[in-house]
Amino acid sequence: MFLLKFARGYRTTSTNVLNVLTGIPPLHITAKAEFLKFQIWVRRSGDYNDIINNVQLDHNILIKNIPSDMKLVSLSEHLPDATYEVYTDGSKINEETGLAVCILKDNDNSQNFLFKLKPYNSVFQAELAAIQFAANWAVSENSKINLYTDSLSSILALQSASSRS
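Structure follows, in structure tokens:
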């Protein structure tokens, strides 16, 4: 009855057509989605336990009050004596998330790394993962690199001790 009045249709119009016209999903689908959200929220379903690991704490601690093994450092924007130029990117197309790291030495393509992430990962997570991979690669190669990324949000998150992302 609600859909009929909302869409201003005839009483002979089928409910399925009214759902499509109004963009409101059927009640049984909405109820199932809410039930699944509730199951995830209370962690009673074992099907979704791999999305977020549950860490039990005795009490709440603000993340900025936890001492870090790594210290924040300010880096120069360009190293003139860098051995490699490293380009990173993260993207999401058709519900598929991935990242790429392209490494150049003397303007020649040296290595390319491509990774596919889970569909529920965001572009922001992919961008951060690409930057992390590039940094770890530079450490493993014991090389100085110039790192190029198009993700300002990732740079700001890495510079901030209290990122909310």
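Heads up, the sequence shown is in full-length UniProt numbering, so the first residue is 1 and it goes up one at a time. Don't be surprised by glycine CBs; every beta carbon is placed ideally from N, CA and C.
Pick helix, strand or coil for residue i, following the three-state DSSP scheme.
i	result
L128	helix
N146	strand
E77	coil
N121	coil
S14	coil
Should residue i go down as buried or exposed, given a rule of 16 or more other Cβ atoms within 10 Å for buried?
i	result
I93	exposed
L156	exposed
G23	exposed
L27	exposed
V139	exposed
What first and last residue would you give for the alpha helix (DSSP H) that runs through residue i?
i	result
K37	L27 to V42
residue 174	A question about residue 174 goes unanswered here, because the residues of the chain that appear run from 1 up to 165.
Can you tell me where the beta strand (DSSP E) holding residue i begins and where it ends?
i	result
L114	D108 to K116
E88	One detail in the question is off: residue 88 reads as Thr in this sequence, not Glu. First-last of the beta strand (DSSP E) with T88: Y84 to I93.
G98	E96 to K105
Restricting to Cα atoms, I'd like to know which of the options is closest to residue i.
i	options	result
N109	V101, F115 and K144	V101
L114	S122, K105 and A126	A126
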